[in-house]
Structures are given as structure tokens and as C-alpha cells.
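Chemist:
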Amino acid sequence: MIGTPSAEAFVMAVLLTLLAAVTIAIARQRNMFGVVILASIYSFLMASLMIVLDAVDVAMTEASVGAGISTVILLTTLYLTGSMEYPQRRSVAIPLFVSIVVGAALVWGTIGLPAFGISDAPIHQHVAPTYIDFSRKHDMPPNIVTAVLADFRGFDTLGETTVVFTAGIGVLLLLQGGWRIGGSRRDEETEGDDEI
Amino acid sequence: MRLDLILRVGAKLILPFILLFALYVQFHGDYGPGGGFQAGVIAAGMVILYAIIFGVHAAKRIAPPIMVEMMVPMGVAIFTGAGIAGLLMGNNFLDYTGFAHDYLHAHEWGILIVELGVLVTVCGTMVAMFYAFVQRGRS
Amino acid sequence: MEMLETFAAHYNYFITIFLMISGLFIVIARGNLIKKLVGLSLFQTSVYLLYLTPAKILGGTAPIYDESYKLYSNPLPHVLMLTAIVVGVATLSLGLALVVRIKEAYGTVEEDEIFAKDPEAE
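Rendered as C-alpha cells:
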């Protein structure tokens, strides 16, 4: 890759720089409505970047989940909680220091990683070729990601589905339960449930 | 008086195609990008768009809350059922080889059932979460 | 010159780390609970990038099998991150539901005011 600058690497560099810019804007923005919209832009940029990184399935998920559902959920929460962040009263010096120290340690660790995009990195040597060869040999579905997701690693996916199920039940319990700590108002829909 | 006429007519035009696209993503997931997770989120997005434009009460007529809440555990049950069916046929948990006469067809069926389970749970969870947040009301 | 090449070859990782520490900074420094959750999801998104970056092979293609291609990017991180995204939005919603309950109980989503109203949390 080094010395042969390709179009892929260029597009990727532009998208990564834009992502960093949007992140700075999110950290500085005081209006929560602005933060949510910037987070949505961030998700779309991330989805574009994932397409360049060849992760088309992941890009599709990120575009529909990150920019769609999570924006809607955040906006409904803003409707319930109000949209202005109060001015900061404490110093940002310590958090900045902690972040920079952690970042420096991570950068130091990253230098030892293999260069981006080369095909003989250790990650490409062991498990993935097995999946690709096996699904080619047995005429599995052409989309190797689907084959791995639902077949080779079905157990993983069962776990993830269970986590989604659990989180959904948690949200329903928190927001549709009849009880309310220290509150006076009660929902019309839960009329008749026992009080705390 | 309705000032959002264009929005309503436009939404009515694109809503069926969003649902069709969700089904395409679901059943074409073997050949192109897509699968149960994406299709579930896109189908949930269609219900949410309908709720935003026509009101939550209208949305609850096409996707009743009781059905949506039933879908949340039902998908996990379909997924686990596919796994246990593999066990009953004498294979490992989530091994689909016994589902049909040859290897390829059995695994196509297995992937289809599992993706259906994922679709049902993801779609149900997203819509149920949206309903839960919306009907909370400003306190 | 060699340093510049190392920098170019690791630019993806450096931006990933920048996104990660930005998320960390927002979580630590900002008092608004919703902003904290947005920071947490920034951190989470940077982890997606951390997994997907090594999976890419320059000159490879997306892992959808076809006769005319030989070199595919690694499908395994794609599978892991695909499920992680959906789980991420589910847990984000759970966090937001908790924020809504906190708002109803304390009347605010600012951390300092919640601590002020709750002497045991000092």
C-alpha cells in the first residue's frame, strides 16, 4: 500500500478526517438536538467508511440502525427530558489529561500492528480462509457473512439475539411498569396497577 | 386542516416499498448484503415512519402493541427451536444438516429459519422500544 | 520519510484511537446524561472501526463469493460487528430508558444536580 497511493486509501483518509471533525463538533456542541443530528451524520459517514472497508453488510446495518433507529430513540428521549445542556461548571483539565494519556498509550501500542491493508497480516491466515474455502467447496450461500452469521457461528448470533431480547424487555419494564419512584403522576394505560 | 398533505401522500407512496425492501433484504441476504438484522430494522423503521406521520394511534392499528411484544420472545423461540430441531435429528445444537435430503438444501433452510427468528426479534424489539418511549408522555 | 510511511500505514488506527478517546472524554467530562450516552456510542463505534480496519485487504473485494474474484476481505470481523451494532442500539435504548426514569425521579438529567439532590451519592 505504501508508495502506491490508491483511490481507496484516499477516499478512506478523507472520510476518516471528516469523522474526526464531526467528533470534535459533538464534543463542543451544547444543544442536545444538535448533538443528536451530528451523531446521525457521524453514523452516515461511518457507514460510507464501512463500504470502503468492504464491510457491506455492516454498512447497511449501521446506516439503518445508527442513523435511523437510534436517532429516533434519542429524539424521543430529548422530547421527554429537554434539549439544553447546562454550561459546564467543572474543569475539563483532568478528563483531557486522562484521555490524552490513554490515547498516547494506545498510539504507542498501535505502531507495532501490521500496516493497513496488506494481505499477509496474521488476521488473514487462520480462521477466515477456512470459512471462505469451506463455503466455496460446499456451495454455501455466496454471501459469506450470512453463512458465518447464521451457520458457522449460529451460537454467537443466538447469544446476540438474546441480548437484544433482554434489552427490549428491560426497556419495557422501565418505561411501561406501573410503579414510579417519588412520582405523583400515573399513566392512563397502567391505571389499576399496584402503587409503590 | 392538513398542512402536511405532501408529507402524507409521499409517505403513503414510499411505505409499501420500504416494507418490500425489508423483505428483499431478508430473503436476498444469502446472495447480497443483508439478513435478518437489517431487514428487522428496516421493517421497524417503516412502522416508526408511519407513526411519526400519521400518529401513534394509527400505527398501533397496523402493528398492535400486544403483537409487537409477542414478537420479542417469539424470534428467540424460533432461533432456539431451530437449534433444538438439530439436536432431535441427532446432530449438534444449531447443526442444520438433518433438515433436508442434501447438505446444501438443509443449510439453506437452516439459515432461512434462523434469519426469520432474528428478523422477528429485532423488528419487535425496535418497535416495542419506540412505543414505550413515545407513550411515556412529557412528565 | 520512514516515519511518514508508518504514519500513512497506520492512519486508520490513529483516527480510531482519536474517536475512542473523544468518546472517553465526553463520558468523563460532560455532566449531561444523554451526552454521556452519545459519547459512549462514539466509543462503541470506534471499536467497530478497530475491528473492521484490519479485516480490509487493499485490492480485495467484499466477502460475497463470485467466480471472477480471488481475494476477499476477512468476513469474520464483519459478522461480529454486525451483531454488535444491533446490540449497541438495544443497550443505548436501555440507557436512555434509565435516563427518562432519572428525569422523572429527580427532575433533571445533569449529573451535578442529581448529586446535589441525593446526599447519599456524595
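Protein chains in written order, with my numbering: chain A, -3 to 192; chain B, 100 to 238; chain C, 58 to 179.
Backbone N, C-alpha and C define an ideal beta-carbon position, used for all residues, glycine too.
Please read these numbers as outputs of a predicted model, since none were measured by experiment.
Which of the three DSSP states is assigned to Y195/B in this structure?
Modeler: Reduced to three states, the DSSP call for Y195/B is coil.
Chemist: So that I know if they touch, is there some Cβ in chain C lying closer than 7 Å to that of M228/B?
Modeler: By this cut-off, M228/B is an interface position.
Chemist: Using DSSP with H/G/I as helix, E/B as strand and the rest coil, what is E167/C?
Modeler: Here E167/C sits in strand by DSSP.
Chemist: Which of the three DSSP states is assigned to M80/A in this structure?
Modeler: In this structure, M80/A counts as strand in the three-state DSSP scheme.
Chemist: Is there a Cβ of chain B sitting closer than 7 Å to that of G173/A, yes or no?
Modeler: No, no contact with chain B.
Chemist: My guess is that V140/B and I65/A are in contact by the Cβ rule of under 8 Å, so how many angstroms apart are they, rounded?
Modeler: Going by Cβ atoms, the distance from V140/B to I65/A rounds to 6 Å, so yes, they are a contact pair.
Chemist: Using the three-state DSSP reduction, which class does R68/C fall into: helix, strand or coil?
Modeler: Checking the sequence shown, residue 68/C turns out to be Tyr, not Arg. Helix, per DSSP.
Chemist: Closest Cβ-Cβ distance between Y82/A and chain C: below 7 Å?
Modeler: Interface residue, yes.
Chemist: By alpha-carbon positions, which one of A143/B, L203/B and Q137/B ends up nearest to M228/B?
Modeler: When each option's Cα is compared against that of M228/B, the closest is A143/B.
Chemist: Is the distance from the Cβ of D147/A to the Cβ of H156/B below 7 Å?
Modeler: Going by C-beta atoms, D147/A is not nearer than 7 Å to H156/B.
Chemist: Hey, could you find the ends of the alpha helix (DSSP H) K108/C is sitting in?
Modeler: First, the residue type needs correcting, since residue 108/C is Tyr and not Lys in the sequence shown. Note, Y108/C: alpha helix (DSSP H), L90 to A112.
Chemist: Note the first and the last residue of the continuous alpha helix (DSSP H) segment covering F126/B.
Modeler: Looking at the DSSP string, the run of the alpha helix (DSSP H) that includes F126/B is L104 to F126.
Chemist: Measuring straight from C-alpha to C-alpha, what distance separates A16/A and L97/C?
Modeler: Rounded to the nearest angstrom, the two C-alpha atoms are 16 Å apart.
Chemist: Would you give the residue range spanned by the alpha helix (DSSP H) that T142/A belongs to?
Modeler: From DSSP, the alpha helix (DSSP H) with T142/A extends over I140 to A143.
Chemist: Within the 7 Å Cβ cut-off, does Q137/B reach chain A?
Modeler: Cβ-Cβ to chain A under 7 Å: yes for Q137/B.
Chemist: Would a C-beta distance cut-off of 7 Å place T73/C and L115/C closer than the cut-off?
Modeler: Cβ atoms of T73/C and L115/C: not closer than 7 Å.
Chemist: If you measure from the beta carbon of I113/B to each beta carbon in chain A, is any gap under 7 Å?
Modeler: Output row for I113/B: interface = no.
Chemist: Return the residues of the region 130 to 144 of chain A that lie within a Cβ-Cβ distance of less than 9 Å from chain B, sorted by chain order.
Modeler: Those residues of the region 130 to 144 of chain A that come within reach of chain B (Cβ to Cβ, closer than 9 Å) are H134, D135, M136, P137, P138, N139, V141, T142 and A143.
Chemist: Tell me whether Y122/C sits in a helix, a strand or coil according to DSSP, three-state version.
Modeler: Y122/C: coil per DSSP, three-state reduction.
Chemist: What residue from V175/B, L203/B, G236/B and V171/B has the CA that sits closest to I165/A's CA?
Modeler: I165/A has its Cα closest to that of V171/B, out of V175/B, L203/B, G236/B and V171/B.
Chemist: Leaving out the 5 sequence neighbours to the left and right, which residues in its chain are closer than 8 Å to L109/C when beta-carbon positions are compared?
Modeler: The answer, listed in chain order, is P134, H135 and M138.
Chemist: Within 7 Å of any Cβ in chain B, is that where the Cβ of V143/C sits?
Modeler: Yes, V143/C lies at the interface with chain B (some Cβ there is under 7 Å from its Cβ).
Chemist: By how many angstroms is the C-alpha of K93/C removed from the C-alpha of A181/B?
Modeler: For A181/B and K93/C, the distance between alpha carbons rounds to 39 Å.
Chemist: Going by DSSP, which residues form a beta bridge with Y129/C?
Modeler: Answer by DSSP bridge pairing, in chain order: T118/C.
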